[in-house]
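Chains as they are written, first to last, in the working numbering: chain R, 1 to 238; chain P, 1001 to 1381. Here's the structure we're looking at; comments come further down.
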Amino acid sequence: MATFSLIGVLSIIHIISLAISAIASVVLYRAEKRSKNSMVRQFMWFFIFVFVWMATFFISIFVTTNTFTESAGREIVTAHGFFLVGLAFVARIYAKMALPKYEKLIFNVTMFTAITVIALGVYLQSPFTDITIIKANTIIIQISAILTALILIPVLIFFFTQSFKLDDAIAAVRSFFFGVGFTLLLWHAISLVLIPTYGVIPWIIGEALNVLAFSLLLAGILYSTPTTKITKKYTNAT
Amino acid sequence: MLLTIQKLFIGLLVFFILIGTAAAYISAQIRFNALSSIGNELSYEEIQEQIFSSALQEGLVVFLTFVAFASVFFFVVNVFVLRPLLELRAFAREQAENQFNIRLKVRSRNEILDLVDVFHRMVSRLHDEQKHTETVAKMKSRFITVAGHKFRTPLSEIKWGLNELKIKGLSKEEETTVKDIEKTTAGMIELINDFLIAAEIEDGVSSYDFKYAQIESLIRTSVEEILPAAKVRNIKVTMDKFPSNIPAVKIDPSKISLVLKYLLDNAIKYNKEIGGTIEINLIVKKEVMEVIVTDNGIGIPKEEQQYIWGNFFRGDKALSIETEGTGLGLYIAKNIVERHGGSVRFESKEDEGSMFAFTIPHEKKIISEKEKNVANFLSDI
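Encoded structure:
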């Protein structure tokens, strides 16, 4: 019963995150077509990989006839691999804004690390090792969490700092939304590390916070200053 | 302020979520303790499943309740208070830029609607006043322009005629008279030119021919031009050694020369009878260069200082010393400098002298690549 509830909750969470990342990708695609800004394109790629991450999770849970633990155990490496690849694009955006000279280096290093983590996960789950799927999973989750934290901490600090530094109100609010969004994503990474000690509850909460995190990132993307509406029918004016 | 409130709400939302998380932990701990006290009746897997099941339910309920409350609260405050106020602020900004034809439509049905209504009435009145003022100003400018051109033509003919007379040869008495007429005519032409420039400024039709030029050469030329007049009044004119590597500035040289002429003319006109001095400095700062003209003349009384950049203003003391003049020089100078993206300032003490300065930007503000990238990313989305 508990397993069914968990799968149900996770499915709902992933569908919402899936929808948000799809909307964000489309909005960013249109923004990139308009502005030709490479950073906007990289942010779009982040959301595309988040979409794939969520889709992989969702499909693995939805189609499985096994228990949740086994199902998630098999797919978690691939799914998180997509997220790590997505994060490499966030690292690139951060690098371009904070350390422009090292943009390519940072991107290449994070991308290489993400791919290495996926390869390591596949190897650990293969019959060539004696490690169980659950054990392999735990190792990969912890490495992924550390990598996520390493990428996201400077990113969220940067966005928070910019939100107080920028003169442009729209940019400042967007930066603040991104800062909060990435903070909640960081919580997701931390919750993964807590699983071996505290069980799956912090993870479930972390997954739920993902929805909020992506909502805030989407809010940041869609945020714009209200403009006055021109109307000739306004009767209060003399 | 409003954006700070929005940020505060988001902060509160995050805070509530963290409390929900903590509640889930506590709930799990309590259930674990309760189940542990039962003893060995349940297996480890059963205990874990029960803890998980209850904590998941309780934690999610607390979590979702907080999220729901915070979201509804944030939504209501945002839609009915913050957004209308932000719209009003945006509206007020547009009004400040004279877009009086715009009307705001707010969704809120409370005091904010009244505030918008009052604002609209105020804006309408301002609009009417502004239209009236603009009409009067246009009529005045048109009159000055037409009259100025009509006066300048005969004055130029008089000037030409006097030159003809001088060429033909005059007696000493006639020569003195002609010189007086010539001086008066030149003063009149200068006065009319000032009127026409001021009218152009008010109509917003002044034409500028911006080009890169060395400002120090303009200063030197202007100083050379006023030296004869300074010599007549025994005024000592000094120029500090200009800094090396002065960057070229994009200016209209004829207009900046005019500014220098007005400042230097004033420094001569309103200087001391004995022991007068004028000092000209050029300082190159990070983004602007500043030209400073200092004299030890009569100074400006404190009560008159606030009016000196206005048009047609002449101080009582200035009038007693120099009856000629339009009171347009500083007004025109200020407008020209501002058109160049610079600013004017002055310091003055009665009977001790005045310091007038103007700045001209010599380079665009350099934005670092990082700042450019941040601004582009956050605005292009």
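Virtual Cβ for every residue (Gly too), placed ideally from N, Cα, C. Model, not experiment: these values are computed from the prediction.
Where residue i meets chain P, residues with beta-carbon distance less than 9 Å
i	result
S175 of chain R	V1374 and L1378
I23 of chain R	Those within 9 Å of I23 of chain R in chain P number zero; the least Cβ separation is about 13 Å.
I106 of chain R	Neighbours of I106 of chain R on chain P: none; closest Cβ ~14 Å, over 9 Å.
L28 of chain R	I1381
D168 of chain R	A1375, L1378 and S1379
Amino acids of chain P, ordered along the chain, whose beta-carbon sits closer than 8 Å to that of residue i
i	result
A31 of chain R	D1380 and I1381
A171 of chain R	V1374, A1375, L1378 and S1379
V40 of chain R	F1377, D1380 and I1381
I93 of chain R	F1377
Neighbour list for residue i in chain R, Cβ cutoff strictly below 9 Å
i	result
K1370 of chain P	K96, M97, A98, L99 and P100
Residue i, buried or exposed, once every other Cβ within 10 Å from all chains shown has been counted against 16
i	result
G1315 of chain P	buried
A1137 of chain P	exposed
P127 of chain R	exposed
H1149 of chain P	exposed
V1337 of chain P	buried
S1207 of chain P	exposed
Q162 of chain R	buried
V1122 of chain P	Strictly speaking, residue 1122 of chain P in this sequence is Met, with Val absent from that position. By the 10 Å Cβ count, M1122 of chain P comes out exposed.
A1385 of chain P	The requested residue 1385 of chain P does not occur in the structure, where chain P is confined to residues 1001 to 1381.
K96 of chain R	buried
A1357 of chain P	buried
I1296 of chain P	Inspection of the sequence shows that residue 1296 of chain P is occupied by Asn rather than by Ile. It is buried - the Cβ of N1296 of chain P has at least 16 other Cβ atoms within 10 Å.
I1274 of chain P	exposed
T32 of chain R	Note that residue 32 of chain R corresponds to Glu in the displayed sequence, not to Thr. Buried: at least 16 other Cβ atoms inside 10 Å.
K233 of chain R	With a pLDDT of only 34 at K233 of chain R, under the threshold of 50, the placement of this residue in the model should not be trusted, and no figure is reported.
G1161 of chain P	exposed
A1186 of chain P	exposed
R30 of chain R	exposed
D1194 of chain P	buried
T235 of chain R	Unreliable positioning characterises T235 of chain R in this predicted model, as indicated by a pLDDT of 35, which lies under 50. A coordinate reading is not provided.
F158 of chain R	buried
N1033 of chain P	exposed
A1068 of chain P	exposed
G1011 of chain P	exposed
G1310 of chain P	exposed
S21 of chain R	buried
T56 of chain R	buried
I190 of chain R	exposed
Member of the options whose CA lies at the smallest distance from the CA of residue i
i	options	result
I106 of chain R	R:E207, R:P154 and R:I139	R:P154
T1238 of chain P	P:S1257, P:V1077, P:F1091 and P:L1282	P:L1282
I183 of chain R	P:S1379, P:F1356, P:V1014 and P:L1082	Position check: residue 183 of chain R holds Thr in this sequence, whereas Ile was assumed. For the residues P:S1379, P:F1356, P:V1014 and P:L1082, the minimum Cα distance to T183 of chain R belongs to P:V1014.
G1342 of chain P	P:S1348, P:I1360 and P:T1326	P:I1360
E1029 of chain P	R:P202, R:V180 and R:Y29	Per the sequence presented here, residue 1029 of chain P reads as Gln, with Glu not at that position. When only C-alpha atoms are compared, the closest one is R:P202.
K1286 of chain P	P:V1344, P:K1302 and P:H1362	P:H1362
H1120 of chain P	P:L1227, P:S1141 and P:Q1095	P:Q1095
I1226 of chain P	P:D1194, P:S1320, P:W1160 and P:E1279	P:E1279
E1182 of chain P	P:F1195, P:N1193, P:L1155 and P:T1133	P:L1155
F47 of chain R	R:T129, R:A119, R:L217 and R:L152	R:L217
I139 of chain R	R:I157, R:F82 and R:L120	R:L120
L1126 of chain P	P:I1381, P:F1073, P:N1234 and P:A1092	P:A1092
D1192 of chain P	P:T1184, P:F1151 and P:E1175	Note that residue 1192 of chain P is Ile in the sequence shown here, rather than Asp. Comparing Cα-Cα distances from I1192 of chain P to each of P:T1184, P:F1151 and P:E1175, the minimum goes to P:F1151.
D1114 of chain P	P:E1134, P:L1085 and P:K1131	P:L1085
Bridge-paired residues (DSSP) for residue i
i	result
K1131 of chain P	DSSP lists no partner for K1131 of chain P.
P1361 of chain P	P:V1288
F1346 of chain P	P:F1356
T168 of chain R	Per the sequence presented here, residue 168 of chain R reads as Asp, with Thr not at that position. The partner list for D168 of chain R (beta bridge, DSSP) is empty, contrary to what the question assumes.
L1282 of chain P	P:V1291
K1236 of chain P	P:T1277
Y1270 of chain P	For Y1270 of chain P, which the question treats as bridged, DSSP gives no partner whatsoever.
I1251 of chain P	P:K1211
Listed by chain order, chain R residues near residue i by CB distance under 8 Å
i	result
V1014 of chain P	V180, T183 and L184
I1010 of chain P	F176, F177, V180 and L216
Partner residues on chain P for residue i, Cβ-Cβ distance less than 7 Å
i	result
L217 of chain R	The contacting residues do not exist; L217 of chain R stays about 10 Å from chain P at best.
N240 of chain R	Chain R is shown only over 1 to 238; residue 240 of chain R falls outside these bounds and no answer can be derived.
I221 of chain R	I1381
Neighbour list for residue i in chain R, Cβ cutoff strictly below 7 Å
i	result
I1268 of chain P	Neighbours of I1268 of chain P on chain R: none; closest Cβ ~44 Å, over 7 Å.
Any non-hydrogen atom of the ligand PLP within 7 Å of residue i CB
i	result
A169 of chain R	Inclusion of the ligand PLP in the displayed structure is not the case, the ligand content being empty and no account of it being possible.
ask   = Counting Cβ pairs, one atom from each stretch, are 3 or more of them under 8 Å apart for the stretch 1144-1158 of chain P and the stretch 1195-1203 of chain P?
value = In short, these stretches touch, since the Cβ pair count reaches three.
message = Would the stretch 1211-1227 of chain P count as touching the stretch 1246-1260 of chain P if we require 3 or more Cβ pairs under 8 Å?
response = yes
query = Are the stretch 1221-1238 of chain P and the stretch 1158-1170 of chain P in contact at 8 Å, needing three or more beta carbon pairs?
reply = no
key: Sufficient close CB pairs (3 or more, under 8 Å) joining the stretch 1329-1348 of chain P to the stretch 1251-1271 of chain P   = Counting Cβ pairs under 8 Å, three or more are found: they touch.
query = Is it true that the stretch 84-99 of chain R meets the stretch 145-153 of chain R, where meeting means three or more beta-carbon pairs spaced less than 8 Å apart?
reply = With a cut-off of 8 Å, the stretch 145-153 of chain R and the stretch 84-99 of chain R count as touching, because enough Cβ pairs lie within range.
query = So, do the stretch 1261-1274 of chain P and the stretch 1294-1309 of chain P have three or more beta carbon pairs nearer to each other than 8 Å?
reply = yes
ask   = Is there contact between the stretch 15-26 of chain R and the stretch 43-51 of chain R, where contact requires at least three CB pairs shorter than 8 Å?
value = yes
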